[in-house]
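A.B. asks: Chains as they are written, first to last, in this note's numbering: chain A, 20 to 611; chain B, 20 to 611. All C-beta atoms, glycine included, are put in the ideal place defined by N, C-alpha and C.
There are 2 protein chains.
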Amino acid sequence: MRTQYCGDLNSQHTGQEVVLCGWVQRRRDHGGVIFIDLRDREGLVQVVFDPDRAEVFARAEQVRSEYVLKITGRVRPRPEGTINPDLSTGEIEILGLDLEILNAAETPPIQLDSHAADASEELRLRYRYLDLRRPEMQARLRTRSRVTQAMRRFLDERGFLDIETPILTKSTPEGARDYLVPSRTHPGEFFALPQSPQLFKQLLMMSGLDRYYQIARCFRDEDLRADRQPEFTQLDIEVSFMSEDELMGLMEGMIRSLFSEVIGVELPDPFPRLTYAEAMRRFGSDRPDLRVPLELIDVADLMDGVDFQVFAGPAKDPEGRVVALRLPKGGELSRKEIDGYTQFVGIYGAKGLAYIKVNEWAAKGREGLQSPILKFLPDATVEGIMARTGAVDGDLIFFGADKARVVNESIGALRVKLGQDRGLLEGEWRPLWVVDFPMFEHDPANGRWVALHHPFTAPKDEHLGLLESDPGACLSRAYDMVLNGTELGGGSIRIHRDAVQRQVFKLLNISDEQAEERFGFLLKALRFGCPPHGGLAFGLDRLVMLMTGAGSIRDVMAFPKTQTAACLLTDAPSTVDEAQLKELSLRLRTRA
Amino acid sequence: MRTQYCGDLNSQHTGQEVVLCGWVQRRRDHGGVIFIDLRDREGLVQVVFDPDRAEVFARAEQVRSEYVLKITGRVRPRPEGTINPDLSTGEIEILGLDLEILNAAETPPIQLDSHAADASEELRLRYRYLDLRRPEMQARLRTRSRVTQAMRRFLDERGFLDIETPILTKSTPEGARDYLVPSRTHPGEFFALPQSPQLFKQLLMMSGLDRYYQIARCFRDEDLRADRQPEFTQLDIEVSFMSEDELMGLMEGMIRSLFSEVIGVELPDPFPRLTYAEAMRRFGSDRPDLRVPLELIDVADLMDGVDFQVFAGPAKDPEGRVVALRLPKGGELSRKEIDGYTQFVGIYGAKGLAYIKVNEWAAKGREGLQSPILKFLPDATVEGIMARTGAVDGDLIFFGADKARVVNESIGALRVKLGQDRGLLEGEWRPLWVVDFPMFEHDPANGRWVALHHPFTAPKDEHLGLLESDPGACLSRAYDMVLNGTELGGGSIRIHRDAVQRQVFKLLNISDEQAEERFGFLLKALRFGCPPHGGLAFGLDRLVMLMTGAGSIRDVMAFPKTQTAACLLTDAPSTVDEAQLKELSLRLRTRA
Chain A
20 MRTQYCGDLN SQHTGQEVVL CGWVQRRRDH GGVIFIDLRD REGLVQVVFD
70 PDRAEVFARA EQVRSEYVLK ITGRVRPRPE GTINPDLSTG EIEILGLDLE
120 ILNAAETPPI QLDSHAADAS EELRLRYRYL DLRRPEMQAR LRTRSRVTQA
170 MRRFLDERGF LDIETPILTK STPEGARDYL VPSRTHPGEF FALPQSPQLF
220 KQLLMMSGLD RYYQIARCFR DEDLRADRQP EFTQLDIEVS FMSEDELMGL
270 MEGMIRSLFS EVIGVELPDP FPRLTYAEAM RRFGSDRPDL RVPLELIDVA
320 DLMDGVDFQV FAGPAKDPEG RVVALRLPKG GELSRKEIDG YTQFVGIYGA
370 KGLAYIKVNE WAAKGREGLQ SPILKFLPDA TVEGIMARTG AVDGDLIFFG
420 ADKARVVNES IGALRVKLGQ DRGLLEGEWR PLWVVDFPMF EHDPANGRWV
470 ALHHPFTAPK DEHLGLLESD PGACLSRAYD MVLNGTELGG GSIRIHRDAV
520 QRQVFKLLNI SDEQAEERFG FLLKALRFGC PPHGGLAFGL DRLVMLMTGA
570 GSIRDVMAFP KTQTAACLLT DAPSTVDEAQ LKELSLRLRT RA
Chain B
20 MRTQYCGDLN SQHTGQEVVL CGWVQRRRDH GGVIFIDLRD REGLVQVVFD
70 PDRAEVFARA EQVRSEYVLK ITGRVRPRPE GTINPDLSTG EIEILGLDLE
120 ILNAAETPPI QLDSHAADAS EELRLRYRYL DLRRPEMQAR LRTRSRVTQA
170 MRRFLDERGF LDIETPILTK STPEGARDYL VPSRTHPGEF FALPQSPQLF
220 KQLLMMSGLD RYYQIARCFR DEDLRADRQP EFTQLDIEVS FMSEDELMGL
270 MEGMIRSLFS EVIGVELPDP FPRLTYAEAM RRFGSDRPDL RVPLELIDVA
320 DLMDGVDFQV FAGPAKDPEG RVVALRLPKG GELSRKEIDG YTQFVGIYGA
370 KGLAYIKVNE WAAKGREGLQ SPILKFLPDA TVEGIMARTG AVDGDLIFFG
420 ADKARVVNES IGALRVKLGQ DRGLLEGEWR PLWVVDFPMF EHDPANGRWV
470 ALHHPFTAPK DEHLGLLESD PGACLSRAYD MVLNGTELGG GSIRIHRDAV
520 QRQVFKLLNI SDEQAEERFG FLLKALRFGC PPHGGLAFGL DRLVMLMTGA
570 GSIRDVMAFP KTQTAACLLT DAPSTVDEAQ LKELSLRLRT RA
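This is the structure:
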């Protein structure tokens with residue numbers, strides 16, 4: 020129906036007759052002529068109707084915002100002085116020769132100009148089809164489409180096969196709550212929607228398919244925190260006969276080519292790698308934002324003798340940690356700002372936030388420091404802190420002292436917040452791999468081991484013995500890719516031996532019976548010639564969010580759900596007929 | 020871990036040292052040496068271990084079928100007379116230098132050699148990961164992956180955006196039974212899994228995204244007939260501002276390039292088009308298999324006066340139909356074969372199958388015909404039949420006479436069966452478009468109109484008036500792509516005007532209230548500037564089945580379900596805890 024997209028026109032088309040289809044962004048009547056800004060997927064162009072063509076002019080007069088038009092016209096240069104350099108089509112305009120109103124439009128409930136983003140998110144979600152007309156939203160969906168396209172091309176070229184795995188399946192082992200689907204043909208039984216294709220992709224390796232990928236929909240029925248969705252998408256990958264080094268090299272190559280191709284960003288080659296232990300030690304996090312040039316510095320050894328229980332207690336506790344965090348030029352912080360940060364670390368369970376302001380250390384030594392805790396610290400401790408942090412006049416040193424977990428979470432978060440608040444970020448994109456994760460974490464509440472990744476993650480070959488003797492020291496063959504403090508993806512080399520898998524289940528308190536019931540088919544498959552294999556998964560929504568600079572994964576999904584897992588557009592979920600429930604052998608429970 | 024795939028080796032690699040990983044297809048001990056056929060995704064290669072390397076030889080002796088091995092060896096030509104021309108690697112063999120057993124294997128419950136297909140389908144589904152080791156199954160999954168790859172490339176190059184639509188959504192209007200997903204956060208409410216992304220893709224057009232595609236999972240909770248699956252995959256497409264001719268041209272171009280690229284088949288350009296009326300008239304089907312050179316020939320006008328109620332009744336009934344089907348050389352059919360076909364048409368509701376054998380018409384005229392019904396037919400009728408069918412000596416003419424629906428279904432199916440049984444198929448691939456479908460069919464049982472496609476299908480512009488005056492005569496802007504008697508895909512230009520949509524709902528007996536509840540969001544969206552749009556969907560499973568020559572869609576899916584919608588591999592569906600049901604505000608209904 021059209022000859023060109025509106026947004027593709029420029030002065031090269033001057034003199035051509037074109038047919039355009041699109042939406043009315045704006046109509047203005049000025050100096051006896053009508054100006055219509057016509058919008059399509061590619062952009063805007065200005066169309067001018069003059070009264071010479073009376074019939075067409077009359078139709079143009081009926082036009083309102085968001086009407087759908089088909090316009091025939093001739094491209095001509097804009098008159099001197101009316102060129103719009105902000106618009107790709109700004110050097111030209113279309114002289115309207117004919118106009119057909121393909122559809123009318125009521126006044127939209129959200130504005131579609133630059134003020135659109137001001138509408139409440141509720142309104143935007145309810146009228147999603149209008150919200151998606153905004154160029155910003157369209158650009159995000161286009162980037163998403165280009166990202167998956169580039170991923171697929173990269174993987175296709177390297178012999179990966181795109182294989183679909185079931186959505187109606189059995190409960191999978193990620194540990195979050197499953198969405199259930201009642202079976203009509205098997206009354207009283209349920210399918211689960213997959214939290215990931217984990218077991219199926221492992222089975223595909225046992226099938227000898229060697230290199231698998233899928234852009235897979237995954238489901239978790241969780242209480243939605245800040246930026247989660249009930250259904251999300253991951254790029255899911257699994258390979259056989261490949262070491263973690265090879266796989267990590269391949270995957271960072273993919274991410275590099277993606278960034279280069281889609282947003283013109285060159286990421287480092289290779290990505291730096293940090294062990295879990297080093298990441299926790301230096302950044303208090305296993306997904307450190309390397310753009311922040313601040314580090315946690317252990318000072319427990321300087322504190323264990325001080326007469327200040329807040330420091331000395333954790334310093335002496337094998338599960339405790341005491342760290343300093345030097346903030347260059349932190350002396351500028353006001354009392355109020357420091358109070359704000361004290362509140363902030365409180366969110367992560369820190370009971371306070373000690374600090375030392377370094378006013379004139381060079382000239383005055385101890386007298387040049389300012390701190391409510393200074394009185395508790397002997398000279399040697401103060402000198403040790405100053406030497407180890409390298410603090411200079413004008414700096415501020417924060418302290419965290421508590422159980423290691425609390426210190427890592429609170430001071431790790433403070434580190435990132437200070438980096439952002441104080442404009443300290445260095446470099447725009449700072450990817451890395453985190454490796455050498457522990458196999459297990461000890462859950463003191465239940466007195467048992469829990470898997471840090473999932474129970475199919477292989478221990479390092481040389482740590483196999485530790486499964487028996489010292490599970491807490493056993494490192495896994497897992498790896499996470501982190502970008503700017505966000506986990507982009509993660510995976511592991513998997514257990515490919517039946518005996519090891521059973522041993523890990525046992526450590527995780529999964530009885531033989533439970534293992535058989537939940538994972539029996541996998542355990543059986545391991546006995547029929549399972550190759551060494553491993554893989555990983557990238558969170559597509561989050562990746563695209565980072566690449567587009569969107570504020571939420573909701574902004575990179577066409578039809579997201581709300582925090583209560585509802586779709587405001589379609590009003591899903593909704594009630595169903597009694598007859599449908601009966602077919603499914605179900606009854607509603609009357610609410611308590 | 021490997022230097023090459025087994026199946027990629029050939030005489031060009033002679034002299035090279037290679038590292039291979041794979042499965043033991045077979046081990047033979049012969050003349051003091053051990054032969055291992057090692058298999059990976061790309062094929063088989065023969066590895067020879069001789070006793071000179073005692074330690075390696077000893078390990079080779081432990082090896083059994085389906086063990087997973089890593090083998091280092093040197094490529095050498097096979098000795099004269101042992102070349103295997105059936106194997107891509109048949110000119111060479113590997114002299115085994117080292118062997119590592121990566122994993123052992125129990126004896127597999129299904130054979131993985133050429134007898135594998137003899138295993139029961141139940142066993143194959145239960146041990147799907149073993150079944151998928153068969154080269155035949157791997158080839159199908161690879162073809163499937165290449166098909167989607169080629170589709171995506173075609174569409175990406177033409178500016179289509181790959182956009183994901185929700186799986187947890189609202190009941191969609193395809194009319195089959197929905198799979199339901201109970202909501203935990205909205206007690207008593209349910210999501211439905213989509214039967215197609217129909218409404219979302221229309222909304223994306225209203226968003227101005229202009230060209231959408233998705234390889235989308237769809238769900239139908241139906242009693243599974245011969246070759247259906249609870250979840251299936253479709254290539255889903257929608258465009259704005261495009262006529263059906265443009266869209267059909269684009270889509271057949273895609274299918275042509277797919278066939279050419281993936282299986283080296285050149286389909287005709289353009290595809291022929293048949294109207295629904297012509298397809299029904301000539302083939303009794305709206306998805307005719309054009310490879311069968313037989314046609315239904317209307318003879319009601321010759322029969323309406325005969326003294327044989329079986330023919331005369333339908334001939335006079337406005338809803339009846341009487342056809343002849345000439346089978347060249349059908350005179351060869353035995354009485355038993357004809358009885359078989361009589362039974363066959365019975366499946367489709369035909370109460371009998373009349374026929375005339377043309378023995379010696381040329382020489383003897385009427386006396387040269389043989390038929391139990393001949394006595395009922397006057398000379399003029401016989402002569403009319405002979406003239407109209409063009410039957411010659413040696414042929415057989417079948418007859419169908421009943422309600423048109425029964426005749427079309429039974430004789431249409433007979434036509435295809437005869438074509439296959441008698442080896443009459445002409446040409447290997449015979450695609451076509453069927454167009455000009457009626458908007459509605461009358462359902463005499465309920466005395467109302469039902470949509471032949473779905474209720475969003477647009478009527479032809481020039482038939483808009485018929486919606487009011489004569490709905491049965493109103494043709495739609497729908498189109499189906501048919502290949503060798505299978506519907507590959509179908510779609511339509513959609514209704515883009517609110518008023519027309521309401522009118523169609525009304526005709527379909529959908530009350531304003533129902534329309535509002537089920538499709539309110541769509542009706543509302545139509546009022547805010549909906550562009551003219553249309554699209555279609557291709558059944559991916561069926562397409563790949565045809566392209567690979569597989570006998571069932573189950574053979575082109577990695578993890579299909581059984582006829583009772585169960586997964587034998589994972590034992591899904593399965594029971595869940597009472598606590599899970601309680602969270603979902605559900606209770607099991609005790610069985611009646």
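For residue 47/A, which of helix, strand or coil comes out of DSSP?
C.D. replies: As a working note, residue 47/A is residue 28 in the first sequence. Correct three-state label for residue 47/A: strand.
A.B. asks: Per DSSP, which residues does residue 232/A bridge with? Please list them.
C.D. replies: Within the first sequence, residue 232/A is the residue found at index 213, counting from 1. Residue 232/A is bridged to 181/A and 256/A.
A.B. asks: The alpha helix (DSSP H) spanning residue 75/A covers which residue range?
C.D. replies: In the first sequence, the residue the question calls residue 75/A occupies position 56. Taken as a continuous stretch (DSSP letters only), the alpha helix (DSSP H) holding residue 75/A covers 73-81.
A.B. asks: Which residues in the same chain as residue 238/A place their Cβ atom closer than 6 Å to its Cβ, once the five residues preceding and following it in sequence are excluded?
C.D. replies: For the purposes of this step, residue 238/A is taken as residue 219 along the first sequence, with counting starting at 1. Around residue 238/A: 198, 212 and 250.
A.B. asks: Between 189/B, 54/B, 432/B and 384/B, which lies nearest to residue 586/A when the distance is taken from Cα to Cα?
C.D. replies: Position 567 of the first sequence holds residue 586/A. Among 189/B, 54/B, 432/B and 384/B, the Cα nearest to that of residue 586/A is on 189/B.
A.B. asks: Taking any Cβ of chain A, which residues in the segment 186-201 of chain B have a Cβ under 9 Å from it, in chain order?
C.D. replies: Residues 186, 187, 188, 189, 190, 196, 197, 198, 199, 200 and 201.
A.B. asks: According to DSSP, is residue 427/A helix, strand or coil?
C.D. replies: Looking up residue 427/A in the first sequence gives position 408. Note: residue 427/A maps to helix in three-state DSSP.
A.B. asks: Would you mind listing the alpha helix (DSSP H) stretches within the segment 566-606 of chain B that are 4+ residues and don't spill past its ends, in chain order?
C.D. replies: Correct list: 597-602.
A.B. asks: Look at the alpha carbon of residue 611/B and the alpha carbon of residue 592/B, and state the distance between them as a whole number of angstroms.
C.D. replies: Looking up residue 611/B in the second sequence gives position 592. Looking up residue 592/B in the second sequence gives position 573. Note that residue 611/B scores 46 on pLDDT, short of 50, meaning its location in the model is unreliable; the coordinates nonetheless yield the value given after this. Each residue's Cα considered, the two are about 21 Å apart.
A.B. asks: How many angstroms separate the CA atom of residue 149/B from the CA atom of residue 550/B?
C.D. replies: On the second sequence, residue 149/B is found 130 positions in, with the first residue counted as 1. On the second sequence, residue 550/B is found 531 positions in, with the first residue counted as 1. Taking the straight line joining both Cα atoms gives about 50 Å.
A.B. asks: In or out: residue 580/B buried (at least 16 other Cβ within 10 Å) or exposed?
C.D. replies: For the purposes of this step, residue 580/B is taken as residue 561 along the second sequence, with counting starting at 1. With 16 or more Cβ atoms within 10 Å of its Cβ, residue 580/B is classed as buried.
A.B. asks: For my contact list, residue 88/A and residue 43/A are in at a C-beta cut-off of 8 Å; report their separation, rounded to the angstrom.
C.D. replies: The sequence position of residue 88/A within the first sequence is 69, counting from 1. The sequence position of residue 43/A within the first sequence is 24, counting from 1. About 6 Å; that satisfies the 8 Å criterion.
A.B. asks: Is residue 15/B close to chain A, meaning its C-beta is less than 8 Å from at least one C-beta of that chain?
C.D. replies: Absent from the model: residue 15/B. The displayed extent of chain B is 20 to 611, so no value can be given.
A.B. asks: For residue 17/B and chain A, any beta-carbon pair shorter than 8 Å?
C.D. replies: As shown, chain B starts at 20 and ends at 611. That puts residue 17/B outside it, with no answer to give.
A.B. asks: Between residue 342/B and residue 316/B, which are expected to be in contact by the criterion C-beta below 8 Å, what is the C-beta distance as a whole number of angstroms?
C.D. replies: As a position in the second sequence, residue 342/B is number 323, starting the count at 1. As a position in the second sequence, residue 316/B is number 297, starting the count at 1. Confirmed, Cβ separation roughly 6 Å.
A.B. asks: Taking the alpha helix (DSSP H) that residue 143/B belongs to, which residues open and close that run?
C.D. replies: As a working note, residue 143/B is residue 124 in the second sequence. 140-145 is the extent of the alpha helix (DSSP H) around residue 143/B.
A.B. asks: Counting only beta-carbon atoms, is residue 619/A nearer than 8 Å to chain B?
C.D. replies: Residue 619/A lies beyond the range of chain A shown here (20 to 611); nothing can be said about it.
A.B. asks: Among 209/B, 230/B and 196/B, whose alpha-carbon lies nearest the alpha-carbon of residue 164/A?
C.D. replies: Against the first sequence, residue 164/A aligns to sequence position 145. Nearest C-alpha to residue 164/A: 230/B.
A.B. asks: Counting only the same chain and skipping the five closest in sequence on each side, list residues whose C-beta sits under 6 Å from that of residue 144/B.
C.D. replies: Position 125 of the second sequence, counted from the first residue, corresponds to residue 144/B. Taken in chain order, the residues that qualify are 587.
A.B. asks: Which of the three DSSP states is assigned to residue 497/B in this structure?
C.D. replies: Here residue 497/B refers to the residue found at position 478 of the second sequence. Three-state result, residue 497/B: strand.
A.B. asks: Give every residue of the same chain whose Cβ lies closer than 6 Å to the Cβ of residue 476/B, excluding the five residues on either side of it in the sequence, and list them in chain order.
C.D. replies: Taking the second sequence and counting its residues from 1, the one referred to as residue 476/B is at position 457. The answer, listed in chain order, is 495, 497 and 511.
A.B. asks: Considering residue 357/A, what are the terminal residues of the beta strand (DSSP E) in which it resides?
C.D. replies: The residue labelled residue 357/A in the question sits at position 338 within the first sequence. Premise fails: residue 357/A lies in the alpha helix (DSSP H), 354-366, not in any beta strand (DSSP E).
A.B. asks: With burial defined as no fewer than 16 other Cβ atoms inside 10 Å of the residue's Cβ, what is the status of residue 126/A: buried or exposed?
C.D. replies: Position 107 of the first sequence, counting from 1, holds the residue named residue 126/A. So residue 126/A counts as exposed.
A.B. asks: Which residues bound the beta strand (DSSP E) around residue 374/A?
C.D. replies: Position 355 of the first sequence holds residue 374/A. That run of the beta strand (DSSP E) goes 373-377.
A.B. asks: Output needed for residue 321/B: all residues of its chain with C-beta closer than 7 Å, excluding positions within five of it in sequence on either side, in chain order.
C.D. replies: Here residue 321/B refers to the residue found at position 302 of the second sequence. These residues qualify, in order along the chain: 400, 403 and 404.
A.B. asks: So, helix, strand or coil for residue 34/B, using DSSP?
C.D. replies: Walking along the second sequence from the start, residue 34/B turns up at place 15. Correct three-state label for residue 34/B: coil.
A.B. asks: Check whether the Cβ atoms of residue 270/B and residue 555/B lie closer than 8 Å to each other.
C.D. replies: One-based indexing of the second sequence puts residue 270/B at position 251. One-based indexing of the second sequence puts residue 555/B at position 536. It is a contact, given that the beta carbons lie within the stated cut-off.
A.B. asks: Under 7 Å Cβ to Cβ from residue 180/B, same chain only, skipping five residues before and after it: list those, please.
C.D. replies: Numbered from 1 along the second sequence, position 161 holds the residue referred to as residue 180/B. Result list for residue 180/B: 228, 230 and 231, in chain order.
A.B. asks: Find the nearest neighbour of residue 372/B within the set 357/B, 62/B and 559/B, judged by alpha-carbon distance.
C.D. replies: Position 353 of the second sequence holds residue 372/B. When each option's Cα is compared against that of residue 372/B, the closest is 357/B.
A.B. asks: Please compile the residues from chain B whose C-beta is within a distance smaller than 7 Å of the C-beta of residue 180/A.
C.D. replies: Locating residue 180/A in the first sequence gives position 161, where the first residue counts as 1. What residue 180/A touches in chain B: 160, 161 and 164.
A.B. asks: Would you mind reading off the limits of the beta strand (DSSP E) that contains residue 557/A?
C.D. replies: Locating residue 557/A in the first sequence gives position 538, where the first residue counts as 1. Here the beta strand (DSSP E) through residue 557/A covers 552-558.
A.B. asks: Does any C-beta atom of chain B lie closer than 8 Å to the C-beta of residue 81/A?
C.D. replies: What you label residue 81/A is simply residue 62 of the first sequence in a count that begins at 1. Chain B contact via Cβ: absent.
A.B. asks: Thinking C-beta only, is residue 124/B closer than 8 Å to residue 85/B?
C.D. replies: For the purposes of this step, residue 85/B is identified with residue 66 of the second sequence, where counting begins at 1. For the purposes of this step, residue 124/B is identified with residue 105 of the second sequence, where counting begins at 1. Against a cut-off of 8 Å, the Cβ pair of residue 124/B and residue 85/B comes out as a contact.
A.B. asks: For residue 417/B, does the three-state DSSP call read helix, strand or coil?
C.D. replies: In the second sequence, residue 417/B corresponds to position 398, counting from 1. DSSP places residue 417/B in strand when its eight states are reduced to three.
A.B. asks: What are the complete beta strand (DSSP E) segments, minimum 3 residues, inside the segment 426-491 of chain B?
C.D. replies: Runs found: 450-454, 459-462 and 467-470.
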